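Novice:
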Amino acid sequence: KEAGRGRYCAFAAQMDAEIRRRSNIEAEMRDALIEGHFYPRYQPIVDLRTGNVRGFELLARWRREQGEIGPDQFIPIAEECGLLNKLMLDLLLRACADAREWPAAVGIAINISPGQLRDTWLSHKILSVLARTGFPPHRLTVEITENALIVDADKAHQAIESLKNQGVQLALDDFGTGYASIQHLRMLPFDKIKIDRSFVDSLSEDAEALRIVRAILGLAATLDLPVVAEGVETIEAAETLRALGCAEGQGYLFGHPMDKAEVEQWLADGKV
Ligand code: C2E
Ligand code: CA
Ligand code: CA
Ligand code: CA
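Okay, structure coming up:
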């Protein structure tokens with residue numbers, strides 16, 4: 371009994387520490403939002419046949435004195451604290467302002483993660499940022515991760531419809547990693563599919579990854595949906611993907627996530 375009690379106390383203390391850590395991060399996050407410590411990075415997405423840039427994916431970063439943490443860590447916390455939509459709208463505002471001088475053919479893609487669509491005003495807020503900055507809705511792509519859709523399909527549908535009515539494009543992100551990927555394709559009117567990096571990573575050494583990528587591209591072609599491959603790091607991967615009919619690629623081969631000045635230098639150099 372004594373031992374059991376000891377274990378319970380240790381557990382409670384651990385819970386306590388975890389709760390305190392969370393509320394510290396939450397407070398820190400609120401300050402960071404006010405002080406503008408979250409900022410966007412832009413990673414190019416290119417046409418695999420022509421090499422032309424098609425757009426940039428906005429990836430969130432946190433300038434944090436206590437040490438960097440990546441979006442894989444802070445996005446879920448922001449979401450739990452109900453701060454993610456505010457964070458995303460701030461970054462979108464920045465991005466639309468940054469992208470004003472970029473060529474007209476260049477779009478911006480943003481990420482919407484699980485639960486964000488539960489805010490029924492989100493689509494209106496996104497459209498109002500576009501209107502305020504004069505960024506044309508057809509140049510915006512919303513990337514939705516697969517598990518985001520399971521939360522509340524009806525609300526997601528409404529939010530997506532009002533964005534799509536204004537010309538916003540819709541991409542299914544991390545395709546192949548979620549549960550019931552193909553089911554998701556039927557749930558919302560997607561305009562493109564993003565193949566997850568995990569398949570692209572092992573394209574050259576893993577025959578199964580190659581077969582899966584080929585199957586995804588075949589499915590997408592049947593549905594008349596263009597595909598973007600993530601995590602393209604080598605010329606060989608880009609070549610293989612292009613030969614298999616993949617329309618667009620994104621990855622370190624073409625460019626890392628960059629700030630505005632780097633994007634403009636990259637565009638001026640005519641990279642790719
Ligand atoms: P994601 O949407 O799959 O974004 C692609 C991630 O792959 C990015 O990581 C990017 O830096 C990384 N990446 C791109 N090319 C390569 C490559 O060639 N090789 C490798 N190894 N990695 C590559 P990042 O920036 O750390 O973002 C991680 C995830 O965090 C994103 O995955 C996305 O799900 C989420 N995220 C980032 N920003 C936001 C945001 O503003 N809102 C939401 N909801 N999620 C975000
Ligand atoms: Ca994404
Ligand atoms: Ca992805
Ligand atoms: Ca991801």
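Using the UniProt record's numbering, read the sequence shown as starting at 371 and increasing by one per residue. Ideal Cβ placement from N, Cα and C applies to all residues, glycine included. Treat the numbers as computed from the prediction; the structure is a model and nothing was measured.
Could you check what DSSP says for C619 in three-state terms: helix, strand or coil?
Specialist: Start at 1 with the first residue of the sequence shown, and residue 619 comes out as number 249. Note that residue 619 corresponds to Gly in the displayed sequence, not to Cys. Three-state result, G619: strand.
Novice: In the DSSP output, what is G425 paired with across the bridge?
Specialist: Position 55 of the sequence shown holds residue 425. Note: G425 sits in a beta bridge opposite I415 and G477.
Novice: Please give me, in chain order, every unbroken run of the alpha helix (DSSP H) with length at least 4 that falls completely inside the segment 552-618.
Specialist: For the segment 552-618, whole alpha helix (DSSP H) runs of length 4 or above, ordered along the chain, are 567-571, 577-592 and 605-613.
Novice: Going by C-alpha distance, which of V598, T610 and I563 is nearest L580?
Specialist: Within the sequence shown, residue 580 is the residue found at index 210, counting from 1. Nearest of V598, T610 and I563 to L580, Cα basis: T610.
Novice: Measure from the alpha carbon of D561 to the alpha carbon of each residue in A397, I582 and V538, then state which is nearest.
Specialist: Counting from 1 along the sequence shown, the entry for residue 561 is found at position 191. Closest by alpha carbon: V538.
Novice: Nearest by alpha-carbon distance to A631: which of A465, I447, R419 and D401 is it?
Specialist: The residue you call residue 631 lines up with position 261 of the sequence shown. Considering only alpha carbons, the answer is A465.
Novice: Under the three-state reduction of DSSP, which class applies to V538: helix, strand or coil?
Specialist: Position 168 of the sequence shown, counting from 1, holds the residue named residue 538. Three-state DSSP puts V538 in coil, outside helix and strand.
Novice: If you draw a straight line from the alpha carbon of K456 to that of G406, how long is it in whole angstroms?
Specialist: Reading the sequence shown from its first residue, position 86 is the one you call residue 456. Reading the sequence shown from its first residue, position 36 is the one you call residue 406. If you take the alpha carbons of K456 and G406, they lie about 12 Å apart.
Novice: Provide the residue span of the alpha helix (DSSP H) that contains E513, from first to last.
Specialist: In the sequence shown, residue 513 corresponds to position 143, counting from 1. Note, E513: premise wrong, no alpha helix (DSSP H); beta strand (DSSP E) at L510 to T515.
Novice: Between P410 and T592, what straight-line distance do the alpha-carbon atoms span, to the nearest angstrom?
Specialist: Here residue 410 corresponds to residue number 40 of the sequence shown, with the count starting at 1. Here residue 592 corresponds to residue number 222 of the sequence shown, with the count starting at 1. For P410 and T592, the distance between alpha carbons rounds to 35 Å.
Novice: DSSP three-state label for W491, please.
Specialist: Locating residue 491 in the sequence shown gives position 121, counting from the first residue. Three-state result, W491: coil.
Novice: Tell me the residue span of the alpha helix (DSSP H) that contains M458.
Specialist: Mapped onto the sequence shown, residue 458 falls at position 88. Note, M458: alpha helix (DSSP H), L454 to D468.
Novice: Anyone know if the C-beta pair for A599 and I552 falls short of 8 Å?
Specialist: Position 229 of the sequence shown, counting from 1, holds the residue named residue 599. Position 182 of the sequence shown, counting from 1, holds the residue named residue 552. Their beta carbons are not under 8 Å apart, which means A599 does not touch I552 by this criterion.
Novice: What first and last residue would you give for the alpha helix (DSSP H) that runs through A550?
Specialist: The residue given as residue 550 occupies position 180 in the sequence shown. From DSSP, A550 is part of no alpha helix (DSSP H); its letter is neither H nor E.
Novice: If you draw a straight line from the C-alpha of G437 to the C-alpha of L492, how long is it?
Specialist: Residue 437 sits at position 67 when you count from the first residue of the sequence shown. Residue 492 sits at position 122 when you count from the first residue of the sequence shown. Straight-line Cα distance between these residues: approximately 31 Å.
Novice: Using the beta-carbon count (16 or more within 10 Å), is M385 buried or exposed?
Specialist: Here residue 385 corresponds to residue number 15 of the sequence shown, with the count starting at 1. When all chains shown are included, M385 counts as exposed.
Novice: Per DSSP, what are the beta-bridge partners of W636 in this structure?
Specialist: One-based indexing of the sequence shown puts residue 636 at position 266. Bridge partners of W636: none, in fact.
Novice: If you check the beta carbons only, do H626 and Q486 fall under 8 Å apart?
Specialist: In the sequence shown, counting from the first residue as 1, residue 626 sits at position 256. In the sequence shown, counting from the first residue as 1, residue 486 sits at position 116. Cβ atoms of H626 and Q486: not closer than 8 Å.
Novice: I want to check one thing, is the minimum distance from the CB of D566 to the heavy atoms of ligand 3 below 7 Å?
Specialist: The residue given as residue 566 occupies position 196 in the sequence shown. Answer for D566: yes, Cβ within range of ligand 3.
Novice: Ordered along the chain, which non-local residues of its own chain (more than five positions away) have a Cβ less than 6 Å from that of I563?
Specialist: The residue given as residue 563 occupies position 193 in the sequence shown. Once the five neighbours on either side are set aside, the close Cβ partners of I563 are L542, F545, A590, L595 and V597.
Novice: Below 7 Å, is the gap between the Cβ of D561 and the nearest heavy atom of ligand 2?
Specialist: Here residue 561 refers to the residue found at position 191 when the sequence shown is read from its first residue. No, the Cβ of D561 stays beyond 7 Å of every heavy atom of ligand 2.
Novice: For P410, which residues does DSSP report across the bridge?
Specialist: Residue mapping note: residue 410 aligns to position 40 of the sequence shown, counting from 1. Its beta-bridge partners are A430.
Novice: Assuming L403 and D460 are in contact, meaning their beta carbons sit under 8 Å apart, how far apart are those beta carbons, in whole angstroms?
Specialist: Position 33 of the sequence shown holds residue 403. Position 90 of the sequence shown holds residue 460. About 7 Å separates the two Cβ atoms, so the contact holds.
Novice: What is the rounded straight-line gap between the Cα of L573 and the Cα of A529?
Specialist: Here residue 573 is taken as the residue at index 203 of the sequence shown, counted from 1. Here residue 529 is taken as the residue at index 159 of the sequence shown, counted from 1. Answer to the nearest angstrom: the Cα atoms are 36 Å apart.
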